[in-house]
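To start, the structure itself, in structure tokens.
Number of protein chains: 2
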Amino acid sequence: MADSGKKNWAVSDEAMDGVQRITRVTLHDAVLNQLRDMIIEGKLAPGTRINEGPVGASLGVSRTPLREAIKTLASEGLVEILPAKGAIVRRFSEKDIRDILDVLKTLEQLAARLTCAHASDAEIAEIADLHQQMLRLYADRNRLAYFKLNQEIHAAIVRASGNSALTQVHEQLQARIKRVRFIGNELPERWAGAVAEHEEMNLALLARDGEKLSEVLGRHLDKTLDRVRDAI
Amino acid sequence: MADSGKKNWAVSDEAMDGVQRITRVTLHDAVLNQLRDMIIEGKLAPGTRINEGPVGASLGVSRTPLREAIKTLASEGLVEILPAKGAIVRRFSEKDIRDILDVLKTLEQLAARLTCAHASDAEIAEIADLHQQMLRLYADRNRLAYFKLNQEIHAAIVRASGNSALTQVHEQLQARIKRVRFIGNELPERWAGAVAEHEEMNLALLARDGEKLSEVLGRHLDKTLDRVRDAI
DNA sequence: ATCAGGGTTGTGGTATGCAGAATACAGTTT
DNA sequence: AAACTGTATTCTGCATACCACAACCCTGAT
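Protein chains in written order, with our numbering: chain R, 1 to 232; chain U, 1001 to 1232.
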């Protein structure tokens, strides 16, 4: 299945090591990411219609790539497409959020066991490092940066599982509730509680105690619903 | 969140009960489903390039909806898009399959508990009915129909959980390995084993024994990897 | 054999046109 | 005034034409 090309390269593979592939970003991708961010950040509120004309114009893009991006967003569950009416930013009910959190919980618990069992020391150290950074952001009460790093930690734990299907699905569901999750967590005591749970998570991770990590993550996500409930 | 329109209808809601909404299928959707089926059924083999020109022509569709459908397929993980090169049907390695099955197992086990706890008797009866139909197809050695019903049973168990995020994610992952799963299961003894497991599943479901159902599903999916291994 | 050019193909993107559905906006009736 | 109806307008869904440019293919020269 691997690349079986046997070319003799003028430049050795060794020499090309740290070189990062140049990434041609298609307009489709750019628009997709832009729109996704706008939804998550709330610049496009739930219920908002995505009008191809104006939106495309404001992004400086023709209808074609815009429409492609919208279809992709629909398949990711961030917008709904009503035939002949267009796309509207999806609105999540409390049950939707609960359902998503239930699945996320299960996924992260699976990831917890896999990561503790298989991840490299380097990966774990990196997550622990993220955790330390996050603590500093908490000390500074830098909510936005804290939030982003928080999401990144969860994503990193899942990624370290080495299961790409798991990573992708987790990312998809995480994206759906990012918005509401950010709005929640506003009260100081809730925030403090979340940080305490993360501290537990970090210890379990460093000890490679999958069961413990799974248990803490479960609690963490159970409480998340309470934390965000009034943000819906 | 429900429709809060307070119009006075000339026709009462009662009278409009059994009326099924007319569904306009956009070309985008039609093409999407068609292509997905073609990939799952193997008419588009892994590695095949989806050439916009010919494919569009053979489907009798212009590039516009075709390209939209391709982007959606990419987001579903069924094709890969290489910028400036086009889309190729994704090829799954054994590790990919294993990863997906691991996630599917976790998801179905979650569904098992939810369904046994919350599903209506009618839903469970319907699944049991599907099971009986499947047994008849097994008796007839009707592999294709058996396979489809088999997939439908798994999907129905998940759907009965009432968790739509779970349902959607499950469907997405299921679609990715449908193909390889169909090719597997060819040897009679494997087939018989799968049927036996389904029999257990059915009993657990009727007894609403979530733990038992979860355990059987776990075994079932663990064995699935063996069943399909040589089909990769 | 490797490499450099040159033609071909196909994608990514834009612009445009058009049928038909949705919506908004009347005008009419009761 | 409220409800209905017909019309105008907007916007989507889709097709088509067109272009730049990257990728591929082939051939010829070193």
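C-beta atoms are modelled at their ideal positions from N, C-alpha and C, and glycine is treated no differently.
This one's a predicted model, so the numbers in the text were calculated from it and none came from an experiment.
Taking the Cβ atom as the reference point for each residue, do residue i and residue j lie within a distance shorter than 8 Å?
i, j, result
"U:I1124", "U:L1206", "yes"
"U:I1039", "U:V1089", "yes"
"U:L1203", "R:A165", "no"
"U:V1031", "U:L1059", "yes"
"U:I1097", "U:I1127", "no"
"R:I100", "R:A87", "no"
"U:G1056", "U:R1049", "no"
"R:V228", "R:V158", "no"
"R:E197", "R:R176", "no"
"R:A111", "R:S161", "yes"
"U:M1134", "U:L1114", "no"
Quick one, which of the options has its alpha-carbon nearest residue i's?
i, options, result
"R:T224", "R:A204, R:Q151 and R:Y138", "R:Q151"
"U:I1183", "U:E1108, U:V1195 and U:F1147", "U:F1147"
"U:K1085", "U:E1199, U:L1104 and U:E1052", "U:E1052"
"R:E171", "R:S93, R:E76 and R:P188", "R:E76"
"R:L104", "U:N1163, U:D1230, U:A1074 and U:H1028", "U:N1163"
"U:R1091", "U:R1136, U:S1120 and U:G1042", "U:G1042"
"R:L82", "U:R1136, U:D1029, U:A1074 and U:L1114", "U:D1029"
"U:A1033", "U:A1145, U:H1118, U:E1068 and U:V1019", "In the sequence under discussion, the amino acid at residue 1033 of chain U is Asn, which differs from the Ala named in the question. For U:N1033, the nearest C-alpha among the options comes from U:E1068."
"U:H1118", "U:G1210, U:L1135 and U:G1193", "U:G1210"
"R:A74", "R:L35, R:D102, R:E108 and R:G193", "R:L35"
Taking the alpha-carbon positions, what's the residue i to residue j distance?
i, j, result
"R:T106", "R:A156", "16 Å"
"R:G47", "R:L221", "26 Å"
"R:L66", "R:D37", "15 Å"
"R:Y138", "R:W191", "9 Å"
"R:P54", "R:T72", "19 Å"
"U:D1140", "U:L1130", "15 Å"
"R:K7", "U:Q1168", "A caution first: R:K7 carries a pLDDT of 41, below 50, which makes its placement in the model unreliable, though a value can still be read off. Taking the straight line joining both Cα atoms gives about 44 Å."
"U:K1023", "R:E200", "It is worth fixing the name first, because residue 1023 of chain U is Thr in this sequence and not Lys. The straight-line gap from Cα to Cα measures roughly 51 Å."
"U:R1208", "U:R1143", "29 Å"
"R:I232", "R:E94", "7 Å"
"U:K1212", "U:V1195", "17 Å"
"R:S214", "U:T1026", "43 Å"
"R:V61", "R:K178", "26 Å"
"R:P188", "U:E1186", "59 Å"
"U:D1102", "R:D226", "29 Å"
"U:D1230", "R:E108", "30 Å"
"U:L1044", "U:A1145", "21 Å"
"R:G193", "R:R136", "16 Å"
"U:C1116", "U:Q1020", "30 Å"
"R:Q132", "R:S120", "19 Å"
How is the beta strand (DSSP E) around residue i delimited, first residue to last?
i, result
"U:G1193", "It is not in any beta strand (DSSP E) - U:G1193 instead sits in the alpha helix (DSSP H) that spans P1188 to L1206."
"R:V79", "V79 to L82"
"R:I183", "Looking at the DSSP string, R:I183 is not in any beta strand (DSSP E); the run it does join, the alpha helix (DSSP H), is S164 to I183."
"U:A1139", "U:A1139 -> not in any beta strand (DSSP E); alpha helix (DSSP H) instead, spanning D1121 to A1139."
What residue does the alpha helix (DSSP H) around residue i start on, and which one ends it?
i, result
"U:L1035", "L1027 to I1040"
"R:L221", "G210 to V228"
"U:R1060", "The question names Arg, but residue 1060 of chain U in the sequence shown is Gly. No alpha helix (DSSP H) contains U:G1060, which DSSP labels as neither H nor E."
"U:A1156", "R1143 to R1159"
"R:A87", "From DSSP, R:A87 is part of no alpha helix (DSSP H) but of the beta strand (DSSP E) over G86 to V89."
"R:T106", "E94 to H118"
Residues of the stretch 56-72 of chain R whose Cβ lies closer than 9 Å to any Cβ of chain U, in chain order: Answer set for the stretch 56-72 of chain R: T64, R67, E68, A69, I70, K71 and T72.
Listed in chain order, which residues of the stretch 1117-1131 of chain U have Cβ atoms closer than 7 Å to some Cβ of chain R? none
Chain-ordered residues of the stretch 1026-1043 of chain U with a beta carbon less than 8 Å from chain R: Within the stretch 1026-1043 of chain U, T1026 and H1028 place their CB atoms closer than 8 Å to a CB of chain R, listed in sequence order.
Counting only Cβ-Cβ distances shorter than 9 Å, please list the residues of the stretch 1075-1088 of chain U near chain R, keeping chain order. S1075, E1076, G1077, I1081, P1083 and A1084
Contact residues within the stretch 1210-1228 of chain U, judged by C-beta distance below 7 Å to chain R: none
The stretch 1172-1195 of chain U: positions lying closer than 7 Å to chain R by Cβ: Within the stretch 1172-1195 of chain U, those residues whose Cβ lies closer than 7 Å to any Cβ of chain R are, in chain order, L1173.
When Cβ atoms are compared, which residues of the stretch 96-108 of chain R fall closer than 8 Å to chain U? So the close ones are D96, D99, I100, D102, V103, T106 and L107.
Using Cβ-Cβ distances below 7 Å, what residues of the stretch 1144-1166 of chain U are close to chain R? Within the stretch 1144-1166 of chain U, the residues whose Cβ lies closer than 7 Å to some Cβ of chain R are N1163, S1164, A1165 and L1166, listed in chain order.
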